[in-house]
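Only one structure is covered here, and it is reproduced in the block below.
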Amino acid sequence: MKIFKFIISKIFLRKAILGISMILLLCMANYTTFTATRSILSTYQGYQETKYINQNGVYIANLDPDSYIDMDVITKDRTQVVYEYLNNNFNYAFYTDGFVVTIPNIDNMEISLSYINEEYYKLNQFELSQGENLDFDYQLDNEIPVLIGKGLSKTYPVGSTIEIEESVLGRPITLKVQGVLKQNAYHSNYYALNSKTYYNFSILVPVNEEFINNANIDLQLNGLMDLTILDTTNEKIINLSEILKENLGLEFNFFSQKENYDYFNEYYIHSLKIIAITTLILLIVITCISIWNALVSIRLMLKDFTINFLVGLSYSKLRKIFYSYFGILSCINLTVIFIFTAFNRYGCWLRKDASFATYGLFGLIGIDWLALFVVILSDIIIGIVIIENMLRKIKKVPISLGVLQ
18 MKIFKFIISK IFLRKAILGI SMILLLCMAN YTTFTATRSI LSTYQGYQET
68 KYINQNGVYI ANLDPDSYID MDVITKDRTQ VVYEYLNNNF NYAFYTDGFV
118 VTIPNIDNME ISLSYINEEY YKLNQFELSQ GENLDFDYQL DNEIPVLIGK
168 GLSKTYPVGS TIEIEESVLG RPITLKVQGV LKQNAYHSNY YALNSKTYYN
218 FSILVPVNEE FINNANIDLQ LNGLMDLTIL DTTNEKIINL SEILKENLGL
268 EFNFFSQKEN YDYFNEYYIH SLKIIAITTL ILLIVITCIS IWNALVSIRL
318 MLKDFTINFL VGLSYSKLRK IFYSYFGILS CINLTVIFIF TAFNRYGCWL
368 RKDASFATYG LFGLIGIDWL ALFVVILSDI IIGIVIIENM LRKIKKVPIS
418 LGVLQ
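Under the working numbering, the final residue of the sequence shown carries the number 422; numbering is consecutive throughout.
Structure representation (structure tokens):
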């Protein structure tokens, strides 16, 4: 232990500024690696989720950014015309969320309602931890079967009912819990695949033609924003765009998921390149500082090092000491990243942000742990590169000069 303290204090911590700089740079390199890895994993999940719509004949609606929404023009009669045209001419997947309601639950979260039709449900293949799949063949006057997120399952087990006073139908409705979604079930954004909305505190409400026809204008209009048209042609999509323009005064673009991928990759790959270059520069700087600091310290303390070599210190022991020190630094940095990530996850619970509240071991979910594992692997590689280069340089220092001193 005495020799460990001597080596560390005389080499790495001899100059406090250099020692602190190395720690901070390593932390920055670890965090950029962690962030990039987690983003890549999240993006991969997004690709997996949306691969079912990445095929010919599938188009996704997107409101043109320059299109002005004039609610004085948009009426229930006009939206009804649009949906009648859709029902008669297309097979489409309907999805809209963000309708927040306040219902009692043990975490006091505001609950988000997500409305989906049968085609959307088939495309996304939701996994359940309890209960049965959704039933879309129901009457509005009866209980409506729903799926709930993990966070609501203790308050509302399978078979229980939920009363909602203000609904998109303009009247109170009763929801019956038919199943519970798998923990941390999510929905990826079509245009930003690494961005997710989690369903832990959501209710998935099945909608059929009767439901949409009786819903208010907010649901009907929002449902058009991410409408997915299935098994169609470009000519039919052009006609649909004209119907939307004629009845609602809105310009809609319809893109394939391949085009959405291209749009996403255009800025995402660029961001990853910047992160990768930044991380590489940090690692080069860390390596240079470490080697230079070690060589300067060895030359300044050559007599002391020579004495230690004469009384039993060897290059193999020196290697073990260097690896031990670097391992301690890595553990400290990993702990900082872990605490920061866990705090961010927990912050969603403190803010009652139901869309991003997740469950996981010590607050971290699967992609967080995988990203930390990648950081550990990168630290092992970084440590090997730095330490072996340091030892190679140190061995070139003529210890015999220390004997003469």
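Here a beta-carbon is modelled for each residue, glycine too, at the ideal position from N, C-alpha and C.
Beta-carbon separation of residue i and residue j under 8 Å?
i, j, result
"Thr-245", "Tyr-100", "no"
"Asp-81", "Asn-264", "no"
"Asn-217", "Lys-167", "yes"
"Tyr-376", "Gln-200", "yes"
"Asp-243", "Tyr-112", "yes"
"Leu-151", "Asn-231", "no"
"Ile-294", "Phe-51", "no"
"Lys-290", "Asn-106", "no"
"Asn-71", "Gln-274", "yes"
"Ile-220", "Leu-130", "yes"
"Asn-104", "Glu-226", "yes"
"Val-197", "Val-175", "yes"
"Ala-53", "Ile-292", "yes"
"Tyr-332", "Lys-412", "yes"
What's the C-alpha gap between residue i and residue j?
i, j, result
"Asn-79", "Tyr-207", "10 Å"
"Phe-272", "Tyr-102", "20 Å"
"Gly-419", "Tyr-342", "Caution applies to Gly-419, whose pLDDT of 41 falls short of 50 and renders its modelled position unreliable; the model cannot decide the point."
"Ile-128", "Ile-382", "21 Å"
"Tyr-441", "Ile-286", "Residue 441 is absent from the structure shown; the chain starts at 18 and stops at 422."
"Phe-228", "Ala-202", "25 Å"
"Leu-421", "Ala-46", "Any reading at Leu-421 must be qualified, since the residue scores a pLDDT of 38, below 50, and its modelled position is unreliable; the value itself is stated next. When rounded, the distance between both Cα atoms is 42 Å."
"Leu-247", "Leu-394", "43 Å"
"Asp-89", "Arg-95", "11 Å"
"Asp-279", "Gln-65", "16 Å"
"Thr-358", "Ile-306", "28 Å"
"Ser-417", "Ile-308", "In this predicted model, Ser-417 has a pLDDT of only 44, less than 50, meaning its place in the structure is not dependable; the value taken from the coordinates is given anyway. Looking at the two C-alpha atoms, the distance is approximately 21 Å."
"Ala-209", "Lys-334", "50 Å"
"Asp-434", "Glu-268", "There is no way to answer for residue 434, as the model of the chain reaches only from 18 to 422."
"Asn-251", "Val-98", "21 Å"
"Tyr-132", "Val-222", "5 Å"
"Cys-365", "Gln-142", "27 Å"
"Thr-249", "Leu-378", "44 Å"
"Asp-114", "Gly-148", "22 Å"
"Tyr-173", "Ile-123", "10 Å"
"Arg-409", "Ile-356", "36 Å"
"Glu-118", "Glu-183", "Note that residue 118 corresponds to Val in the displayed sequence, not to Glu. Distance between the alpha carbons of Val-118 and Glu-183: 8 Å."
"Tyr-137", "Arg-368", "30 Å"
"Cys-44", "Phe-116", "41 Å"
"Asn-282", "Ser-288", "9 Å"
"Gly-63", "Lys-337", "43 Å"
"Lys-16", "Lys-93", "Outside the modelled stretch of the chain, which goes from 18 to 422, sits residue 16, for which no answer is possible."
Buried or exposed for residue i, please, with buried defined as at least 16 other CB atoms from any protein chain shown within 10 angstroms of its CB.
i, result
"Met-39", "buried"
"Pro-121", "exposed"
"Thr-178", "exposed"
"Ser-146", "exposed"
"Ile-404", "buried"
"Ile-181", "buried"
"Ile-399", "buried"
"Asn-350", "buried"
"Ser-347", "buried"
"Gly-240", "buried"
"Gln-237", "buried"
"Ile-384", "buried"
"Leu-300", "buried"
"Ile-37", "exposed"
My assumption, with CB atoms under 8 Å, is that residue i sits in contact with residue j. Please give the rounded CB distance.
i, j, result
"Met-407", "Phe-360", "Not confirmed; about 35 Å, so no contact."
"Ser-205", "Thr-67", "6 Å"
"Val-402", "Thr-304", "6 Å"
"Leu-42", "Val-302", "6 Å"
"Thr-352", "Thr-49", "Incorrect: roughly 17 Å between the Cβ atoms, too far for contact."
"Ile-91", "Ile-255", "Not really, about 21 Å apart at Cβ, beyond 8 Å."
"Asp-87", "Gly-266", "6 Å"
>> Count Cβ pairs between the region 188 to 200 and the region 155 to 166 that sit closer than 8 Å; are there 3 or more?
In response: Short answer: they touch.
>> I'd like to know if the region 174 to 187 and the region 336 to 352 are in contact, where contact means that at least 3 CB-CB pairs between them fall below 8 Å.
In response: no
> Counting pairs of beta carbons, one from the region 362 to 372 and one from the region 209 to 225, are three or more of them closer than 8 Å?
Replying inline: yes
>> Under 8 Å, with one C-beta from each stretch per pair, do the region 56 to 67 and the region 383 to 394 reach the 3-pair mark?
In response: yes
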